[in-house]
Each structure stands twice: as C-alpha cells, then as structure tokens.
Amino acid sequence: MYGYGGNILRINLTTGEMNIQPLSQDMAREWIGQRGFIAKILWDELKPGIDPLGPANKLVMSTGPLAGTLVPAGGKVSFGAKSPATGIYGESCMGGHIAAEMKYAGYDVIILEGASSKPCYIYIKDDQVEIRDASHLWGKGAIQTEKALKDELGEEFQICTIGPAGEKLVKYACISHDFGRQAGRTGMGTVMGSKKVKAIAICGHNSIPLADLEATVVKGKEMLKGCFAKENLDEWQNYGTAGVPVWANNIGAFPTKNFQSSYLEGNENLDGKIMREKMVVNDKGCFGCPSPCGKYCYVKPYNVYTEGPEYETTALIGGNCVFTDIEQIGYLNYLCDELGLDTISAGNVIGFAMECFEKGILTREQVGMELKFGDLESFKYLVEKIAAREGIGNILAEGVKYAAEQFGGDSIKFAIQVKGLEWSGYESRSAPSNMLAYMTCDLGAHHNRAWSVTHDIAVGRKVLEGKARKVIELQHIRPFFDLIGCCRLQWVEIGFELEHYPEVLRYVTGFDYSQDDLMKISEKVWNLTRAFAWREIEDFGRKYDYPPARFYEETVTTGPNAGDVLSKEELDFLLDDYYKLRGWDLNGLPTREKLEQMGLGFVVRQLESYGRKIS
Amino acid sequence: MKIALNEARCSGCRTCQVICSLHNFNENNPKKAAVKIVGHFPTPGHYEIKICDQCGLCAAVCPAEAIKETDGVYRIDKEKCTGCGECIEACPSEAMVQHPAEKAPIKCVACGQCVELCQRGAIYDADTREVQ
Chain Y
1 MYGYGGNILR
11 INLTTGEMNI
21 QPLSQDMARE
31 WIGQRGFIAK
41 ILWDELKPGI
51 DPLGPANKLV
61 MSTGPLAGTL
71 VPAGGKVSFG
81 AKSPATGIYG
91 ESCMGGHIAA
101 EMKYAGYDVI
111 ILEGASSKPC
121 YIYIKDDQVE
131 IRDASHLWGK
141 GAIQTEKALK
151 DELGEEFQIC
161 TIGPAGEKLV
171 KYACISHDFG
181 RQAGRTGMGT
191 VMGSKKVKAI
201 AICGHNSIPL
211 ADLEATVVKG
221 KEMLKGCFAK
231 ENLDEWQNYG
241 TAGVPVWANN
251 IGAFPTKNFQ
261 SSYLEGNENL
271 DGKIMREKMV
281 VNDKGCFGCP
291 SPCGKYCYVK
301 PYNVYTEGPE
311 YETTALIGGN
321 CVFTDIEQIG
331 YLNYLCDELG
341 LDTISAGNVI
351 GFAMECFEKG
361 ILTREQVGME
371 LKFGDLESFK
381 YLVEKIAARE
391 GIGNILAEGV
401 KYAAEQFGGD
411 SIKFAIQVKG
421 LEWSGYESRS
431 APSNMLAYMT
441 CDLGAHHNRA
451 WSVTHDIAVG
461 RKVLEGKARK
471 VIELQHIRPF
481 FDLIGCCRLQ
491 WVEIGFELEH
501 YPEVLRYVTG
511 FDYSQDDLMK
521 ISEKVWNLTR
531 AFAWREIEDF
541 GRKYDYPPAR
551 FYEETVTTGP
561 NAGDVLSKEE
571 LDFLLDDYYK
581 LRGWDLNGLP
591 TREKLEQMGL
601 GFVVRQLESY
611 GRKIS
Chain B
1 MKIALNEARC
11 SGCRTCQVIC
21 SLHNFNENNP
31 KKAAVKIVGH
41 FPTPGHYEIK
51 ICDQCGLCAA
61 VCPAEAIKET
71 DGVYRIDKEK
81 CTGCGECIEA
91 CPSEAMVQHP
101 AEKAPIKCVA
111 CGQCVELCQR
121 GAIYDADTRE
131 VQ
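Those protein sequences? They're chains Y and B, same order as listed.
All letters in the first sequence, in the order written, are residues 1 to 615 by UniProt numbering.
All letters in the second sequence, in the order written, are residues 1 to 132 by UniProt numbering.
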C-alpha cells in the first residue's frame, strides 16, 4: 500500500506466537497512522478494567505514512497502551530513526501482547522476527543497552530500550532510542518492562512504495528547501529547545520550586548560549530533519555524555528542583536517561518530595537523608532510590498523586498533576489557555497535544473568552503530526506552513484528504481517547480535568506574574466553554450526537454496553 | 562535482540517503543509497560519512573489468558485474554498499543530489564551495 510499510506485526510474548497481517486500506484511510492506529487498536482490543501492568495490556508501536520518506522530519513513532500512570489511554511519541526503520522492515504497527516469563528482546530483520534472550542486558542502563545491542547486531539496526526503572515498573519509565530520544510520558517503558521486553531492534531493507514518486520528490525537495530558507533556522538549530528557558522565565512561565513560582532567580545561567559553549559537542537530528534541535553534550565536570538537556528537562529538573547550573542539570539528565526515567515526571516527583520535606510532611527518618531544593545529592539520592524502588523511592515511583495520598497533610494540593500525570514545564496561572490545554489533554497534564502560552500573550493573559476555541484548534493540529509520522517542530518553531501536508500526503499515499478532512480525523481520535477514559472510569468527567489546588488557591510567589491565580470559577468558565465547543455535555463527556457525527457509532454502542449513560 | 565532507556538521538526518535511493533507483529506500552514515554514540558523539571519492581502486581490482571511469566518475556496469565483492573489500573509504536485492554493489556516481539537500554542508561540492 502506498506510503505504508504495509503490515501489522503481532507478537504474543506469553506463547511466543507471531503473525504478520496486511494493513487494510480502510484502516489506513480512516485513521491515517501512528496515534490514530494506536487509539483504534487499543479501543478494539483492550477490555476495560485490565491491569495496565498485566499480560492483558498491549504495547502498540506505530508510525505514520510520511515517516521514512523525503518529507521533512518523517521520523516520529508513538507507543500506546493503557497507562499504568493514569489508568486511561496512554501514549508517547519520540523521534530518532526507528520509525523509518520499521517501515523499511515492512511494518506500520507492532503489537506486543501477553508477557514474557524471562527477560527478552525483540529482533526484527525484515520478515525475520525473533524473541531473543536478554538476560545479559537486564539491569543495564537504557543507553548502555542500546550500545551493547548496536555492537552485537550492527550499526544498521535501530534500537529502542528500557532502563532499570522500566524493569522495576516505575510508573514513569520511558522508552529510549538513538542515544537520547525518549518516549517519556504515561509510563510506556513501564508497560514494556512489565512484559519483560528490554529492547526492540529493527533493521529493514525494503522500499516504501509511493503513489506518485516523481511528485513526492519534487514536493519533498520544495518542503525541505522551504524549511532551509526559514529566517530563524540557524537560531533554532544552534540552540534547539535550550533557547527557551530564559524566554519562559522572562514571561513568568518557568516552573520554579515545585510550581510555587513561575520565575527562577539565576535562570540566565541556563541560557542556550551558555549551554552550547560549555557542553554541546554535536547538533543531532532525527530522521529527515531539516532543522536538527538535538544538542548532544559532553558534561565535563561529571565526565558524562547526554543528549540535551531539552527545555522540558531544564524546566522540571532545573527550575522545579531549583538548579541553576546547566552542567548539573546535564548530569542529572544523564542519570535519568540511563535509568530510563521520564525527566518531566521525575523532576515533578523530586521537586514535590523536596517541598514535602521543607514543609515537614516528610522527615529525615522517612527519607534517609535531608532533602533540599537545589541540592545535587538530594536529587541523585532520590532518583536512584526511585529507579530501584527502594525505601521512599518505592512510593515516589508511583508518581506525585499516589505519593501525596500516602504522605497526607495538604500535599495533594501541590502534587502537580492532572489525571495522575505530572505537569509539563509551563507554570500556567498567568496563561489560561495553556492551563486549559493541560487540564483537558487526553493523556493528563502534557504539552504534546496543545501548547498555547504564546496565544495567551498575544491576546491578553487575563482574557478567558476565546481561549477554549484556540485550545481545541491546537488539540487537533499538534497531534495531527502524530498521525502522519512527522515532527511538529518545523511548524511550531520555524514557521513551516501546514498547507503542504494534504498535498504531500496525496503524492505519498494516493489518499486525497483536504486540510479539513485531516483535522476531522484528528478530532475523531480525540473523541475516541476521551471515550476510552470514560470506558475505564465510571465516574469520569469534569472532576478529572481540574489542575491541583495550588493553581486555583495559591498565588504565584515571585517574578513578573507574582500574585496571579486562576480561581475555580475561572477554570469552570474555561471548561464550560471548552465542553460546549467540543459538543460534549456539561460533565465533559462526548454526546451521542457528537460521537455519531464523528463516525464513532461503535463507541456509542460499546459505552452503552458497559452501562454508561450517554446524553 | 567534487563531493567533499565536513563530518563535524553532519546531524545524522539521512536525507542524503533517501534522495540518493530515489534518484538512482527510483525507490524510497535508504539501504540502497551510495552513502553511509555511521553514528558514534554515546561517545564521542559524532557522525561519520562514508562516500566514494572516485579514487578508482575498485576499477583496478575488479576481475570482470566491470568498473569504468568517464569524466572522473567510476561507474559499475551491472551487466558485467558478477557480484564477487572484490571492490567492496578493496574500497579504502568503505563506501561500496551491498543490498540483499542487488547483485552489483551500489556506488556513488557523483550526481550531487545529496549535496543539494544537505542543509548543513556536511556533504558539499568542493568545486563550487569552500568548506564551511
């Protein structure tokens, strides 16, 4: 099939059975790829109520039709499963080269079912698929494991791995690839660990068939050169997301001291220029990228190599735990990467523990040492305890929501999460649309779906009217890139135009989508993943969309937005507007009319069969 | 066209491989590209580019006399090539590529497509451009 690897590979780790089925035209046309395929497969194949870390859960790896082609930055793959962090739909995407590689091997989707009884890795060389012993890799770091397998199998293999945190089922373990790319969020590395799969190694030799090869080449070149010509390309590829922390601080959006503030004293030391001068050894790009933002670093004082720190890492490890030395952050980034921990959740959890200690909710006896914001030893100690699930680490390994429930006091008010997923790196009491975006993200408090701080700045940071509309628009555009297998950052960061994509999809796949068709499909997936949460949780709805009380009861402590807070009434205004524009009921649940209009009649029938009352 | 390298600029994106296979094989298949990108990670963290510099050693060792030079570029005559692999062994740049579906090795013909799409100037034309 044009534009696709053409097959779905299914591996049952309990029985060792495997099968390869062709991807159907209907599946491709109606769900496009990647997150679309994942959402549909998980809806169809998972029974509600299953244990996310039991053999009934499935880990679905999928990419989209533009991955591996000449279209700029076609290097994205997503992993999906029922999330052990949130108990609802989980998914995380990453770049690198494995998305392209799986298509050359002939696969758009790889489904891991069941669970292995002993450590294994999946070996895929075109249609040769094996479950191989991984006892020699178990316990190794995520990066070390990738290196060991590259040495064993050869440079042409693309490999994703988990670290010790995934093996120990830490709820925010990530999947790592290409020595520094991670699918970090919602515990996809945890699910992989529960199946005892240490790595997936892929090498493919096949061509991706193109509906119109000549037109794809002409259009692909035009798109690449369009990116090359963008005015801020050099700025972007010199600093990547490391250019963002100073800006975020200056506008008062930089998470600081477990989100007590949005402004970090000393943040100027985190500037991308300083990082480049001190640490960067190479600009590293993902597959097909015209604007490589990966900054591969050598952190001299600690003698370690790491990719990044990226913005989110600098925000959550740096600001949130109060580190203002970029080399220290680089070192802690390295530790998290090797242990296989999502730096966003890890930075939240550790910042939370530091605050609990400061407030006397946690004691020296409970923790085993004194915790302090900005103290390297505190972070190091906790992150290792978490990855090993030892002592206090065994509680913190469950995430901030669970930890707050255990620690008590008023700690739930400053456990910074939504739906159980820790908040990404933008303090949003002075950015209502961004607050709403993270509140309503289908995964929990994550920036991947919509990020709109610049919109708040453009139209007024106190303004509430019109914000919901913008959030919805972005929740369809940004995750659209996670349908097609492409990176969104050319659009977000260097201003590359959206209108290229329907045309190039036509040349690659032969499917004739309009821009509107594509946004409708993105909206359909959005409604499906929302329905997934409702299928799992009987009382799901509005109450799951609120941020922690810190954001509506406490004011920002310092910086340009000191004193700002969004009241519960303001949050309700945003939610009311949002639900109405989405065609959902006042409790935030999709209506029959909306689901049917989206072509999701099968969802209505299933929800009703589980006793959900659809209005 | 004199293809030259500035490896320190390579970001490992492999766009060169995609366009190479599209242009020379009419296929979207980087494994059929006449350029190899080898990552050296986690240490010391850089990319190596392997591509033919038209030195001609392959032609000298070819027992079938299947490799001939015109205008400074060595090309493989696929009819004559027996797939013996002598040239692959002999290539000092390790730039001859083998693909399971092709009998003849894959070799750069200096078409310049990779140069056109290397935004970073990691692969460039030394005839027209100074090293960055």
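Ideal Cβ positions, reconstructed from N, Cα and C, are used throughout, including at glycine.
_At least three beta-carbon pairs within less than 8 Å, the stretch 311-323 of chain Y to the stretch 338-352 of chain Y_ = Yes: the two stretches touch, three or more of their Cβ pairs being nearer than 8 Å.
*asked:* I'd like to know if Pro100 of chain B contacts chain Y, where contact means its C-beta is closer than 8 Å to some C-beta of that chain.
replied: Output row for Pro100 of chain B: interface = yes.
*asked:* Determine whether the beta carbon atoms of Arg181 of chain Y and Gly95 of chain Y lie at a separation below 8 Å.
replied: One thing to note: Arg181 of chain Y has its Cβ within 8 Å of the Cβ of Gly95 of chain Y.
*With DSSP run on the structure shown, which of helix, strand or coil describes Val60 of chain Y?*
In this structure, Val60 of chain Y counts as strand in the three-state DSSP scheme.
*Would you say His205 of chain Y faces chain B, with C-beta separation under 8 Å as the test?*
Yes, because at least one Cβ of chain B sits closer than 8 Å to the Cβ of His205 of chain Y.
*Spell out whether any CB of chain B is found under 8 Å from the CB atom of Asp283 of chain Y.*
Yes, because at least one Cβ of chain B sits closer than 8 Å to the Cβ of Asp283 of chain Y.
*Use the C-beta contact count for Ser116 of chain Y: other C-beta atoms within 10 angstroms, 16 or more gives buried, fewer gives exposed.*
It is buried - the Cβ of Ser116 of chain Y has at least 16 other Cβ atoms within 10 Å.
*Report yes if the CB atom of Asn258 of chain Y is closer than 8 Å to the CB atom of Phe352 of chain Y, and no otherwise.*
Contact flag set, yes.
*Taking only beta-carbon atoms, is Thr43 of chain B less than 8 Å away from chain Y?*
Closer than 8 Å: yes.
*Using alpha carbons as the reference points, say which of Y:Gly368, Y:Ile124, Y:Ala67 lies closest to Cys289 of chain Y.*
Taking only the C-alpha atoms, the option nearest Cys289 of chain Y is Y:Ala67.
*Establish whether the CB of Thr15 of chain B and some CB of chain Y are separated by less than 8 Å.*
Contacts with chain Y at 8 Å (Cβ-Cβ) include Thr15 of chain B.
*C-alpha gap between Pro432 of chain Y and Ala468 of chain Y, whole angstroms*: Between the C-alpha atoms of Pro432 of chain Y and Ala468 of chain Y there is a straight-line separation of about 9 Å.
*Going along the chain, which residues of its own chain have a beta-carbon closer than 7 Å to the beta-carbon of Ile76 of chain B, five neighbours each way excluded?*
Taken in chain order, the residues that qualify are Ala66, Ile67, Ala104, Pro105, Lys107.
_Between the CA atoms of Tyr305 of chain Y and Pro44 of chain B - distance to the nearest angstrom_ = The straight-line gap from Cα to Cα measures roughly 8 Å.
_Measuring straight from C-alpha to C-alpha, what distance separates Cys321 of chain Y and Trp31 of chain Y?_
Straight across, the Cα-Cα distance linking Cys321 of chain Y with Trp31 of chain Y is about 40 Å.
*Say whether chain Y places a C-beta atom closer than 8 Å to the C-beta of Leu117 of chain B.*
At least one chain Y Cβ lies under 8 Å of Leu117 of chain B.
*Name the two residues that bound the continuous alpha helix (DSSP H) containing Ser194 of chain Y.*
188-194 is the span of the alpha helix (DSSP H), which, as asked, contains Ser194 of chain Y.
*Closer than 6 Å by C-beta to Pro255 of chain Y: which residues in its own chain qualify, once you throw out the five before and the five after it? Chain order, please.*
Cβ neighbours of Pro255 of chain Y beyond the five flanking positions: Ala315, Gly319, Asn320, Gly425, Glu427.
*Pro548 of chain Y: which of Y:Gly444, Y:Glu596, Y:Met519, Y:Val246 sits nearest, CA to CA?*
Ranking the options by Cα distance to Pro548 of chain Y, first place goes to Y:Gly444.
*Short check: CB of Gly324 of chain Y to CB of Asn269 of chain Y, under 8 Å?*
It is Thr, not Gly, that sits at residue 324 of chain Y in the sequence shown. Cβ distance < 8 Å, so Thr324 of chain Y and Asn269 of chain Y count as in contact.
*Does the distance from the CB of Gly485 of chain Y to the CB of Thr15 of chain Y come in under 8 Å?*
The answer is no: Cβ separation not under 8 Å.
*Would you check if there are 3 or more beta carbon pairs closer than 8 Å linking the stretch 200-212 of chain Y to the stretch 500-511 of chain Y?*
Yes: at least three Cβ pairs fall under 8 Å.
*Note down, one range per segment and in chain order, each alpha helix (DSSP H) of at least 4 residues found wholly within the stretch 92-127 of chain Y.*
98-104, all fully within the stretch 92-127 of chain Y.
_Between the alpha carbons of Glu235 of chain Y and Glu277 of chain Y, how many angstroms are there, rounded?_
One C-alpha to the other measures close to 14 Å.
*Would you list, in chain order, the members of the UniProt domain "4Fe-4S ferredoxin-type" (1-30) of chain B that have their beta-carbon closer than 9 Å to a beta-carbon of chain Y?*
Answer in chain order: Ala8, Arg9, Cys10, Ser11, Gly12, Cys13, Arg14, Thr15, Val18, Ile19, Ser21, Leu22, His23, Phe25, Asn26, Glu27, Asn28, Asn29, Pro30.
*Kindly indicate the opening and closing residues of the alpha helix (DSSP H) around Gln406 of chain Y.*
Gln406 of chain Y -> alpha helix (DSSP H) spans 400-407.
*How would you label Cys55 of chain B, buried or exposed, when you count the other beta carbons within 10 angstroms and need 16 or more for buried?*
It is exposed - the Cβ of Cys55 of chain B has fewer than 16 other Cβ atoms within 10 Å.
*Give the range of the alpha helix (DSSP H) segment to which Met299 of chain Y is assigned.*
Checking the sequence, you will find Val at residue 299 of chain Y rather than Met. Premise fails: Val299 of chain Y lies in the beta strand (DSSP E), 294-299, not in any alpha helix (DSSP H).
*Starting from Val38 of chain B, find everything on chain Y with Cβ-Cβ shorter than 7 Å and list it in chain order.*
Simply Glu155.
_Gly611 of chain Y versus Asp51 of chain Y: straight-line alpha-carbon distance, rounded_ = Each residue's alpha carbon lies about 20 Å from the other.
*asked:* Ignoring anything shorter than 4 residues, give me the alpha helix (DSSP H) runs that lie fully in the stretch 380-448 of chain Y, in order along the chain.
replied: Listed in chain order, the complete alpha helix (DSSP H) runs (minimum 4 residues) inside the stretch 380-448 of chain Y are 392-396, 400-407, 432-440.
*Give the interface partners of Gly288 of chain Y over in chain B, defined as CB-CB distance under 8 Å, in chain order.*
Listed along chain B, the residues sitting closer than 8 Å to Gly288 of chain Y by beta-carbon distance are Cys13, Arg14, Thr15, Val18.
*Since Phe228 of chain Y meets chain B, which of its residues come closer than 7 Å, beta carbon to beta carbon?*
Near Phe228 of chain Y (Cβ distances below 7 Å), the residues of chain B are Gln119.
*Under a Cβ-count criterion, where at least 16 other Cβ atoms within 10 Å of its own Cβ denotes burial, should Ser24 of chain Y be classed as buried or exposed?*
Burial call: exposed.
*asked:* Closer than 8 Å is the cut-off here; do at least three beta carbon pairs connect the stretch 185-205 of chain Y with the stretch 102-114 of chain Y?
replied: The stretch 185-205 of chain Y is in contact with the stretch 102-114 of chain Y.
*asked:* For a test of the three-state rule: what should DSSP assign to Asp125 of chain B, helix, strand or coil?
replied: In this structure, DSSP gives Asp125 of chain B an extended state, which the three-state scheme calls strand.
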